[in-house]
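Scroll down for the structure; my scribbles are underneath it.
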Amino acid sequence: MNRRNFIKKAGILGLGISAFQYLGYACGLPGNQSGWKNWVWLTPRPGLSDDEWLMQLETMKTNGIDGLFVQIYSSHKAWFESDHLPLEEPLLERLIDLGKKAGIEVHAWMWTMPNNNPYFIENHPDWYAVNGLGQPSHSHPAYVGYYRFMCPNNPGVIDFVSANVRELASINGVSGVHLDYVRLPDVIIAEALQPVYNIVQDREYPEYDYCYCETCRSLFKEQSGIDPLKDLEDPSANLAWRQFRQDSITRLVNEHLVPEAHRKNVPITAAVFPNWEAVRQEWRKWKLDAYFPMLYHNFYNVDLEWIGQHLEKQIAELEVKQPVYSGLFIPSLDPAKLQHAMEISKKAGAAGVSLFAFNHLTEDHFKVIKEF
Numbered sequence: 000m001n002r003r004n005f006i007k008k009a010g011i012l013g014l015g016i017s018a019f020q021y022l023g024y025a026c027g028l029p030g031n032q033s034g035w036k037n038w039v040w041l042t043p044r045p046g047l048s049d050d051e052w053l054m055q056l057e058t059m060k061t062n063g064i065d066g067l068f069v070q071i072y073s074s075h076k077a078w079f080e081s082d083h084l085p086l087e088e089p090l091l092e093r094l095i096d097l098g099k100k101a102g103i104e105v106h107a108w109m110w111t112m113p114n115n116n117p118y119f120i121e122n123h124p125d126w127y128a129v130n131g132l133g134q135p136s137h138s139h140p141a142y143v144g145y146y147r148f149m150c151p152n153n154p155g156v157i158d159f160v161s162a163n164v165r166e167l168a169s170i171n172g173v174s175g176v177h178l179d180y181v182r183l184p185d186v187i188i189a190e191a192l193q194p195v196y197n198i199v200q201d202r203e204y205p206e207y208d209y210c211y212c213e214t215c216r217s218l219f220k221e222q223s224g225i226d227p228l229k230d231l232e233d234p235s236a237n238l239a240w241r242q243f244r245q246d247s248i249t250r251l252v253n254e255h256l257v258p259e260a261h262r263k264n265v266p267i268t269a270a271v272f273p274n275w276e277a278v279r280q281e282w283r284k285w286k287l288d289a290y291f292p293m294l295y296h297n298f299y300n301v302d303l304e305w306i307g308q309h310l311e312k313q314i315a316e317l318e319v320k321q322p323v324y325s326g327l328f329i330p331s332l333d334p335a336k337l338q339h340a341m342e343i344s345k346k347a348g349a350a351g352v353s354l355f356a357f358n359h360l361t362e363d364h365f366k367v368i369k370e371f
């Protein structure tokens, strides 16, 4: 099951710059005179001609979209020429050239930690994160079948994910690398999703809590003298164990993925969670070139004002002060609500918005975006 089917099943419908001033350099000029930028996420369809793709890109540009995140790796096949991933279609290279014609940035959107390639499941089962019951994600994925997350501390995983970023950053003309799923599985899923799976997550339960693999347990024991699986009656209550896993993701991003992109003078960004604690994703410490929190208010049963409240908090907490773009979920926003959400985002300090997803945008949505 892919992300779209996950959200569809949930009944809600569809995601889930430091010393370099990249977003004014490699990422192009500001979207308008105020510096505001509009982005959109897009999941590609196979078999489209260059003319068909150019028409879509020109539609985006004409209607106020400045940058495109195209999903070119979603944990199995690649939509670009790769030395180590099976090929779906060499699309990214085409879109980069077409994007130049249309005047729109094309960023490579990649899944980071999930791996649903049968080869790696069969040959590298030790790469996969393990839950608090001792079950690996490749055989016991949480919630949905594609939640086969890898361990952020496994050396093979670090090499694999770094190679993905390195390949993308090496593609001539790419505007940036955009990370998704750079985290562990949700130990607590968003409130609106829980009834769909007939679960109540009033606390952290072990079957949804990762990573208790041998690598992570050994590293944490070296630091603390504690084996979290054997020595803690309630591991979820141990703040040091929680911080260890947050730091593991942060270290992967800051010490491996960011340098891979920056060595090629390519910006690197990420789609991140507002409730970052639930996925061990302490992105306020990351050294990215921009941040795209997915502020899908309907997932959390809250109103639009929540978007601004979260933005203000997240912007204030950033250790690396770079642009923050408000991720908005279009299926929950009619044009009037989109206008309001954009106003809220701008007032709260966002540098722009990113919209999920292109295929849900109507002419009336585009009118709002173009005139904002």
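In numbering that gives the first Met the number 0, the protein residues as written are 0 to 371.
Ideal placement from N, C-alpha and C gives every residue a C-beta, glycine not left out.
Rounded to the nearest angstrom, how far is the Cβ of G131 from that of E206, given a contact under 8 Å? If you number the sequence shown from 1, residue 131 lands on position 132. If you number the sequence shown from 1, residue 206 lands on position 207. Indeed, because the Cβ distance is near 7 Å, the residues count as touching under 8 Å.
Please classify P242 as buried or exposed, where buried requires at least 16 neighbouring CB atoms within 10 angstroms. Taking the sequence shown and counting its residues from 1, one reaches residue 242 at position 243. In the sequence under discussion, the amino acid at residue 242 is Gln, which differs from the Pro named in the question. With fewer than 16 other Cβ atoms within 10 Å, it is exposed.
Please report the straight-line C-alpha distance between P330 and L337, rounded to a whole angstrom. If you number the sequence shown from 1, residue 330 lands on position 331. If you number the sequence shown from 1, residue 337 lands on position 338. Taking the straight line from one Cα to the other gives about 10 Å.
For P89 and P227, what's the separation of their Cα atoms in angstroms? Translated into the one-based positions of the sequence shown, residue 89 becomes position 90. Translated into the one-based positions of the sequence shown, residue 227 becomes position 228. About 44 Å.
Within 10 angstroms of the Cβ of R262, are there 16 or more other Cβ atoms? Answer buried if so, exposed if not. The sequence position of residue 262 within the sequence shown is 263, counting from 1. Looking at its Cβ environment, which holds fewer than 16 other Cβ atoms inside 10 Å, R262 is exposed.
Roughly how many angstroms separate the alpha carbons of S33 and A349, rounded to a whole number? Sequence index remark: in the sequence shown, residue 33 carries index 34 (1-based). Sequence index remark: in the sequence shown, residue 349 carries index 350 (1-based). Taking the straight line joining both Cα atoms gives about 12 Å.
Out of L56, I64 and N114, point me to the one whose CA is closest to A77's CA. Reading the sequence shown from its first residue, position 78 is the one you call residue 77. With distances taken between Cα atoms, A77 lies closest to N114.
Check whether E190 and N300 have beta carbons under 8 Å apart: On the sequence shown, position 191 is the one that residue 190 refers to. On the sequence shown, position 301 is the one that residue 300 refers to. Cβ distance < 8 Å, so E190 and N300 count as in contact.
By DSSP, does L86 sit in helix, in strand, or in coil? Counting from one through the sequence shown, the residue named residue 86 turns up at place 87. Three-state DSSP puts L86 in a strand.
If you draw a straight line from the alpha carbon of K229 to that of V105, how long is it in whole angstroms? Taking the first residue of the sequence shown as position 1, residue 229 is located at position 230. Taking the first residue of the sequence shown as position 1, residue 105 is located at position 106. Each residue's Cα considered, the two are about 47 Å apart.
Beta-carbon contacts of D302 that lie in its chain and below 8 Å, excluding the five residues immediately before and after: If you number the sequence shown from 1, residue 302 lands on position 303. For D302, where only same-chain residues beyond five positions count, the Cβ hits under 8 Å are H296.
Between which two residues does the beta strand (DSSP E) holding H177 run? The residue you call residue 177 lines up with position 178 of the sequence shown. Here the beta strand (DSSP E) through H177 covers G175 to D179.
P151 and M112 - do their beta-carbons sit closer together than 8 Å? Taking the sequence shown and counting its residues from 1, one reaches residue 112 at position 113. Taking the sequence shown and counting its residues from 1, one reaches residue 151 at position 152. Going by C-beta atoms, M112 is nearer than 8 Å to P151.
Between V352 and E232, what straight-line distance do the alpha-carbon atoms span, to the nearest angstrom? By 1-based counting over the sequence shown, the position of residue 352 is 353. By 1-based counting over the sequence shown, the position of residue 232 is 233. Looking at the two C-alpha atoms, the distance is approximately 43 Å.
Using 8 Å as the cut-off, can you tell me whether the region 306-325 makes contact with the region 281-296, which would need three or more C-beta pairs spanning the two stretches below that distance? yes
Can you grab the Cα-Cα spacing for the pair Q308 / A270, in whole Å? The residue given as residue 308 occupies position 309 in the sequence shown. The residue given as residue 270 occupies position 271 in the sequence shown. Whole-angstrom Cα-Cα distance: 18 Å.
Quick one: what's got a C-beta closer than 6 Å to S74's C-beta in the same chain, skipping five residues either side? Here the question's residue 74 lines up with position 75 in the sequence shown. Only W110, P113, N114 and N115 meet the Cβ criterion.
Return the CA-CA distance between Y120 and N153, expressed in angstroms with no decimal places. Numbered from its first residue, the sequence shown carries residue 120 at position 121. Numbered from its first residue, the sequence shown carries residue 153 at position 154. The residue you asked about is not Tyr; residue 120 is Ile in the sequence shown. Taking the straight line from one Cα to the other gives about 14 Å.
Just mark E259 as buried or exposed, buried being the case when its beta carbon has 16 or more other beta carbons within 10 Å. In the sequence shown, residue 259 corresponds to position 260, counting from 1. Burial call: buried.
Any contact of the region 79-86 with the region 139-151, i.e. 3+ C-beta pairs under 8 Å? no
Limits of the unbroken alpha helix (DSSP H) element including I267: Taking the sequence shown and counting its residues from 1, one reaches residue 267 at position 268. That residue, I267, is in no alpha helix (DSSP H); its beta strand (DSSP E) goes I267 to V271.
Quick one: what's got a C-beta closer than 7 Å to P43's C-beta in the same chain, skipping five residues either side? Numbered from 1 along the sequence shown, position 44 holds the residue referred to as residue 43. Once the five neighbours on either side are set aside, the close Cβ partners of P43 are V69, Q70, W78 and L90.
Could you check the C-alpha separation between W35 and M59 for me, to the nearest Å? Here residue 35 refers to the residue found at position 36 of the sequence shown. Here residue 59 refers to the residue found at position 60 of the sequence shown. If you take the alpha carbons of W35 and M59, they lie about 16 Å apart.
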